[in-house]
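> Take this structure first; my questions come after.
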């Protein structure tokens with residue numbers, strides 16, 4: 015089983031970036047400790063109410079309180095609900111279609127979910143908020159539905175962490191590219207204006 019490889023790679027990359035490149039403050043300390051706890055607790059799962067739940071998944075849920083502002087917006091709540099339904103639909107689609115023969119689930123699911131997240135919200139904070147709430151709640155609902163058919167899977171296992179961290183990386187990457195593009199266009203526009211000014215002076 016290769017589950018967890020993507021998660022560990024991306025997780026440690028996130029931790030290094032947060033620890034050494036973010037500005038000092040409570041936000042950096044929160045993110046660094048949160049990511050480190052998720053990584054360290056990833057192999058551990060505990061039984062709760064007849065379900066086997068990954069400890070890292072519980073830490074993700076606990077950390078989601080940082081995005082408490084989502085509860086103040088009906089649109090963000092609706093967006094998170096949409097993400098949740100989309101995630102559940104994809105997981106069931108996985109069980110009945112052979113599309114995974116062409117693209118692995120650790121690639122296809124993140125691509126589809128990232129597309130949904132990006133088109134639903136604008137700011138990076140909101141994208142991470144609805145992604146975290148929607149995907150974690152979708153994972154819980156999916157496991158509850160499976161249990162009704164006597165199918166039991168660990169909630170928030172390594173396979174889930176692979177997908178979640180891949181989605182997070184893609185969302186941040188797209189946001190970074192967009193910001194770089196805006197700054198590049200602004201620099202080009204400023205250069206053109208200065209060039210025109212110089213030409214007018216002559």
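In my numbering, the protein residues as written are 15 to 216.
Heads up, the beta-carbon is just placed ideally off N, CA and C, and yes, glycines get one too.
#1: For the putative contact between residue 148 and residue 71, defined by C-beta atoms under 8 Å, what is the C-beta separation to the nearest angstrom?
#2: Give a yes or no on whether the C-beta atoms belonging to residue 131 and residue 97 are separated by under 8 Å.
#3: Looking only at its own chain, which residues have a Cβ that is under 6 Å from the Cβ of residue 94, when we skip the five neighbours before and after it?
#4: Taking Cβ to Cβ, would you say residue 56 is nearer than 8 Å to residue 138?
#5: Less than 6 Å between C-beta atoms, sequence neighbours within five positions excluded: which residues of the same chain meet that for residue 152?
#6: Per DSSP, residue 68 forms a beta bridge with which residues?
#7: Residue 169 bridges to which residues according to DSSP?
#8: On a Cα-Cα basis, can you pick out the residue from 53, 37, 20 and 45 that is closest to residue 142?
The answer reads as follows:
#1: Residue numbering aside, residue 148 sits at position 134 when the chain shown is read from its first letter. Residue numbering aside, residue 71 sits at position 57 when the chain shown is read from its first letter. For a cut-off of 8 Å, the C-beta gap from residue 148 to residue 71 is around 14 Å, too long to register as a contact.
#2: Taking the chain shown and counting its residues from 1, the one referred to as residue 131 is at position 117. Taking the chain shown and counting its residues from 1, the one referred to as residue 97 is at position 83. A contact, by the Cβ cut-off of 8 Å.
#3: Position 80 of the chain shown, counted from the start, is the residue given in the question as residue 94. So the qualifying residues of the chain are 144, 147 and 148.
#4: The sequence position of residue 56 within the chain shown is 42, counting from 1. The sequence position of residue 138 within the chain shown is 124, counting from 1. Not in contact: residue 56 and residue 138 (Cβ atoms no closer than 8 Å).
#5: Taking the first residue of the chain shown as position 1, residue 152 is located at position 138. Answer for residue 152: 98, 101 and 102, listed in chain order.
#6: Residue 68 sits at position 54 when you count from the first residue of the chain shown. Residue pairing for residue 68: DSSP places it in a beta bridge opposite 59.
#7: As a first step, residue 169 is located in the chain shown; it is residue number 155 there, counting from the start. Looking at the DSSP assignment, residue 169 forms a beta bridge with 67.
#8: As a first step, residue 142 must be located in the chain shown, where it is residue number 128. It is 45.
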